[in-house]
Each structure stands twice: as C-alpha cells, then as structure tokens.
Amino acid sequence: ETDKLPTPAELKKMSLEELMDLQVTLVSKQPERLAQAPSAVQVITADDIRRSGAQTIPEALRLASNLQVAQIDARQWAISSRGMNNALSNKLLVMIDGRSIYTPLYAGVFWDAQNLMMDNIERIEVVSGPGGTLWGANAVNGVINIVTKGAEFTQGGVIGGGVGTSLRDVQGARYGGKLGAKAYYRVWGRHQDFNATETLDGGDGKSSWDFSQAGMRMDYLRSASDRLSLSGNLSMGNYETQETRTDGQYALARWIRTLPSKTDFTVQAYYDHQYRSIPGVFGEDLHTFDLDVHHHFLMGARQSLIWGTGYRAMFDEVSNSQGVAFLPAAKTLQLFNAFVEDEFTILPERLKLTLGTKLEHNDYTGWEVLPSGRAAFTPGALGTFWGSIARAVRTPSRFDRDIHINDPPVRPGDPRLEGEPGFRSEVLSAYELGYRCAPRENVTVNLATFYNVYEDLRLIERNASDTLLYTEVNGVEGEIRGVEVSAGIQATAWLQIQGGYTTLDEEFRVQAGHTASQMVGSQGNDPEHQLNLRVNMDLPHGFQLNGSGRYVSELPAPAVPYYATFDLMGAWIYGGFQISLVGKNLAERRHQEFANGASAQAIPRSFLGRASWRF
C-alpha cells in the first residue's frame, strides 16, 4: 500500500498489458499480479469509474462483466455473481477497505446505504466464485472489495456538482493536506438527490430519495515499512417510499507492517453502526465490532504462508410491527474465525499450488469448515491457466430463523410465514477452470468456466396441516454452470475497447422429503446471457468520449423482457477543470430490469451535467 498509485492520467496512457501488471489483494489477501491471479478477478480502476460517469457504487459495479447488476427502482438494486440474484441477494460478500457491509438481518447488503465520493475510490476488485477460505461465510458466489485511495494521493482540493434528470442534483467537496512530515489527511462531504423511477406505464414510481455523507481519512507513514490508517464516515438518507430513513457511522483503524524479508503483518479493527426505519413495517439498529489480524511470511525460497484470525460481534435490535416481526427482537451474534493458506512454488515463475482452509464459528450452526485448493500454470508467453476447488457456505440469517410475517394474521385467512429455528447453512461445492493471457501488447483475454453444486438452499414450504402457514426450511438443491469471457483491445493510443460476455445454465429441484408443489424461494431470477461493451476515446484538446452498451436476456420467473441499451459520456478536461455530460439508458424512454411484484418499476432515460475543479 505504500507503493505510489498511478494517477488517472497515467492509467489512461497504460497499455492493457501494463494494466495486467496491476496488483490485486482480494484473491490471496496479499498483493499479486492480476495476470497471474488464480481466480476469475476483474478490476475496475478509478479511471474506469470517472469515464463511466457513475455516481453510485452499483452504477460502478456495472463495469464488471462478471456481475449481474439490475436496478429495481431509484434506490434499490439486485446485485450478484454467477446467478441467484434477487432484491435480497445473500451470496455475495461486499467490503469497503476490508470492512464488511453485510447485514445479519438477511445476509446481504442494503445498497442504498453504501455510497462514497466516487473520486476517493482507487479500484474495485471483483472476484466471481467462492472466497470462503480467506473471507469466511457468505463469500459464496463472489467477493467485492472497494479500495479507497491513501490520503497522500488526495492532496489539495476538489469541488464539484451537477444537475440532471434521474439524479436531480449532486454536490461534493474534498480537501487533503499534511500534518508534519509523515502524516496525510483528507476530509470530504457529498449530497445526492434522486428523482423517482417510473411505473411500467410511465407514472410516478414514488421512490425518490436523498443521501448525504461526510468522511475523513488519515494515513501516518512512519517509515517505508509502517503505515497506520484511520478513517471514518457519517451518512444519512431519506426515502419517499413509506418515509424510510437510514443513517450510519463507522470508524476503522488499520496498521500494516512490512519487513525487508517480504513478511507483512496487518491488524484491522472497526466499529460500524447502521440504523434503518420503515414506519409501519420494521426498524433495525445494528452495531458491529470487528477485529482482524493476518500475517504473511516466506518459508524458504518456494513457499509462502498466510494465516490469520478474527472476531466479530453484532448487536442487532429490530423494531417490530404488527405485520413483520423478528423474534427475539434483540439478538447478539458472534463470529470467531481462523484461517491458513499455503502457496507452493513448484516451478519458479511457472507452476504454483495454493491450499488453505478457514474455520469459522457462528451462533447458529457452530463450526463451519471452508477449504479450497488452487493451481496456476504459466507456460511463458501463452498466459496463465488456473483451476480451483472450494467449499463455501451461506450461514443462516435472522430472516431464516427469526422472521414472523403476518403471524398472528392481521386479517383472518391471510397467509403467514415463520422462520425455522433449525435452519442450516446453505452449501456450495465449486469447481473452476480459467485462462488469462495477453497474446499481444495491445490485447488481453480472460476466460473462466465454473460448475457450482448447491445443497440445502432455502425453501418456503407450506405446512401440511395448516395450509395458510409457510415455513423457511433447507429443501432445494441444484447446479449452475457457466462461462465468463472478457477481452480488451488498445486499438490505438487514443482508442480502447473492452467487452465481456457471461452465460448461465441453472437447474434447481426440491430435495427428497419435500414435494414439487411447494414454493421454491432460494434461487434468483437470472439472465441466461449478458453482454457488455465499453469504448473509450481520447480526442484532441482535452476532449474525451466514452460509451458503453449492454444486452441482458429475459428473466424467466417472474418474467422480465430482455433489454439492450447504451450510455454515453462526453468530457472536456483543461488543467484542473472538468466539464462532462452523461446520458444513461439512451436506447429507449424506459425499460424494466427486475421484477418486484405489483411495485415493479422501469428505469428511465436520464442525463446529468457535471463540473469540477481541482486545486
């Protein structure tokens, strides 16, 4: 982390081959070249985000072709990897600077409460496939880590704002400076105000919202081998729908010690508080304390070992309503974990084997074992072939065990839903093969194939004696097979083209002991085909033109038609000034991306004009 990061101007001039030399940390919890990482990993750089005009994290995640990203309404998103996507997706682990933004309420992410000043993001690492050995339970279908820039790389000031149609207005400011000879800081604030999306017939979707944030970060570089980072954030959001309100605060501290012997030691601790209130439905007050320690060192010339341990305490209190209740209302959940991963270099610069496992204890199912094995073979200029086998689990959430919907019924004859006190972890056995290469200086190719086998997925089961009562049980099994392809071409010094394609084949069935007439509620509603294309052009006199297009095939059940659309961004950069105009979803007036029952909404064509000044 002490290495100087490339600036956006330097990233713009990089060839795709040089971008493959960027270091990623998500695959092995230590820096390694993207080109040789034994996993299906994609990196969204700061320049990618700027060129796309993305103003929220979900918008930025659309740039990773190995994700399924669907907008539900103005504030809600369905985001997953390798299928099983829905509004309450629970098999994708998401972190910001290593801080998990998971909620134990349903084992997923409230995307409307996760936002940053986009200019603070250094990169977003996206791994499709399991990561439980290093990152624990719920890193099932993928892992995302959003990495923010060190304070030393955000010196000086920036102020900017914009107005538009869907994003009605946005304002932000940041200033960074020095404290003495070795400490750097930045402070920032941002406000966004979103218009509602539309109903399917073009009416007001009543999903408008606004969100405000302020934050700080300080980095003390005691020496070339010692870094202490402190960061914090305050946020508040208000939503038109049911007058929902959310606010949050967090504070994070991280110490990294790197020794000349290529040994490094990291200690990270954070406190996170999230509050959400939906009047008449429920409210949640969640406090999270987390401590994580890991140590990486070499054992001889050909062996590298990393081990670590961690503890997390979550104090969750729910305000129940007549229709939705979590019982007990207040609950304390604890996680303990320890992991070890050993990397063997069998042939220097050619063949590596990585074996590891994680032991994690949770209050619902006790100890979970999460092993994995990876191999990477790099036969010279032919690129890197890799493969992996792993086990991952999605541990129970409060939604699985503690939920009571309409129980007792508000009106006689209404159906009811209860959680299952004995609900077990959902289990994945994953098999992957992949290939990554740069056959020419200006061309990169990535290929990943996978076969996922699931057991004990959630089934919402009708009670045999009381047909109005449904219970959540482990009752579904199945497989997902798929292929992910991405490629990039630096056609000229001023033209770059990148694209990606994914295809999924899903098959689920009710496990023995359950009947096919019961309602399956575990798998998502996923497109069979997804295609993305991005074109970036650097024109004379500081002008840029960037475009992206995507095709998403139909969703089967509940049905959503296929759609194809494109975005355009034009920008003029002169010294510290930038003026840009962004158009999104330009192919048609509106389109639907996800089904959400009677409240299904359409995403309209939108425009945003922005200006910023760096000083």
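Just so we're aligned, residue 4 is where the sequence shown starts under the numbering used here, counting upward by one. A virtual CB, placed ideally from N, CA and C, is assigned to each residue, including glycine.
Nearest to Leu-137 by C-alpha distance, out of Ser-615, Leu-294, Val-30 and Gly-550, is Val-30. Non-local beta-carbon contacts of Gln-325 in its own chain, meaning distances under 8 Å to residues more than five positions away in sequence, involve Val-413 in chain order.
In this structure, Leu-95 sits away from Ile-75, with a CB-CB distance that is not shorter than 8 Å. Excluding five sequence positions before and after Ala-393, the CB atoms of its chain that fall closer than 6 Å to its own CB belong to Pro-133, Ser-375 and Ala-433, given in chain order.
Cβ-Cβ separation between Glu-128 and Asp-222: approximately 20 Å, too far for a contact (criterion under 8 Å).
The beta carbon of Pro-418 sits closer than 6 Å to those of Leu-471, all from its chain and outside the five residues before and after it, given in chain order. Counting only residues of its own chain and dropping the five nearest sequence neighbours on each side, Arg-305 has a CB closer than 8 Å to the CB of Phe-347, Thr-348, Ile-349 and Pro-351. According to the DSSP assignment, Pro-382 belongs to no alpha helix (DSSP H), since it is labelled neither H nor E.
A Cβ-Cβ contact shorter than 8 Å links Glu-320 with Ala-332.
Close CB contacts of Arg-537 within its chain, under the 6 Å cut and outside five residues either way in sequence, are with Gln-501 and Ser-551 (chain order). No residue range can be given for Ala-603, since it is assigned to no beta strand (DSSP E) and is classified by DSSP as neither H nor E.
When rounded, the separation of the alpha-carbon atoms in Ala-272 and Met-121 is 24 Å.
For Ser-215, same chain residues with a beta-carbon under 6 Å away, outside a window of 5 residues either side, are His-194 and Met-239 in chain order.
Counting every other CB atom within 10 Å of its CB across the protein chains shown gives Gly-516 a total below 16, marking it as exposed.
Fewer than three Cβ pairs drawn from the stretch 293–303 and the stretch 384–398 lie within less than 8 Å of each other, which leaves the two stretches out of contact. Per DSSP, Pro-442 is not a residue of any alpha helix (DSSP H); the beta strand (DSSP E) it occupies stretches across 429–443.
Shown here, Asn-123 sits in a helix according to DSSP, grouped into three states. Fewer than three pairs of CB atoms, one per stretch, sit closer than 8 Å, so the stretch 138–151 makes no contact with the stretch 590–601. Boundaries for Ser-55: no beta strand (DSSP E) harbours it, while the alpha helix (DSSP H) harbouring it runs 49–55, taken from the DSSP string. Excluding residues up to 5 positions away in sequence, Ser-280, Phe-285, Gly-286, Glu-287, Asp-288 and Ala-332 lie with their Cβ nearer than 8 Å to the Cβ of Ser-322 in the same chain. Counted as a single uninterrupted DSSP element, the stretch harbouring Trp-310 is not any alpha helix (DSSP H) but the beta strand (DSSP E) occupying residues 306–322. Membership of Ile-60 in the alpha helix (DSSP H) is indicated by the continuous run 60–64.
Cβ neighbours of Arg-397 within its own chain (closer than 7 Å, five residues either side excluded): Asn-93, Lys-94, Ala-110, Ala-140, Asn-141, Val-143, Ser-428 and Glu-429.
Of the candidates Leu-498, Thr-518 and Arg-592, Leu-498 places its Cα closest to the Cα of Phe-546. In the DSSP annotation of this structure, Trp-389 is not part of any alpha helix (DSSP H); the continuous beta strand (DSSP E) holding it starts and ends at 387–397.
Contact annotation: Asn-88 and Asn-455 have beta-carbon atoms that are not nearer than 8 Å. With a 10 Å radius around the Cβ and a threshold of 16 neighbouring Cβ atoms, His-544 comes out exposed. Taking one beta carbon from each stretch, the stretch 506–513 and the stretch 468–482 have 3 or more pairs nearer than 8 Å; the two touch. In terms of Cβ geometry, Ala-395 and Leu-373 form a close pair [threshold 8 Å]. Here DSSP, grouped into helix, strand and coil, assigns Phe-402 to helix. Gly-192: member of the beta strand (DSSP E) spanning 186–197, first to last residue. Nearest Cα to Asp-50 within the set Ala-562, Asn-549 and Trp-616: Asn-549.
Taking 8 Å as the cut-off, the beta carbon of Glu-35 is found closer than this to the beta carbon of Gln-26. In the DSSP assignment, Gly-160 falls within the beta strand (DSSP E) that extends over 159–167. When the five nearest sequence neighbours on each side are left out, the beta carbons in the same chain lying within less than 6 Å of the beta carbon of Thr-505 are those of Glu-487 and Gln-533, in order along the chain. For the pair Ile-52 and Ser-615, the CB atoms are not nearer than the 8 Å cut-off.
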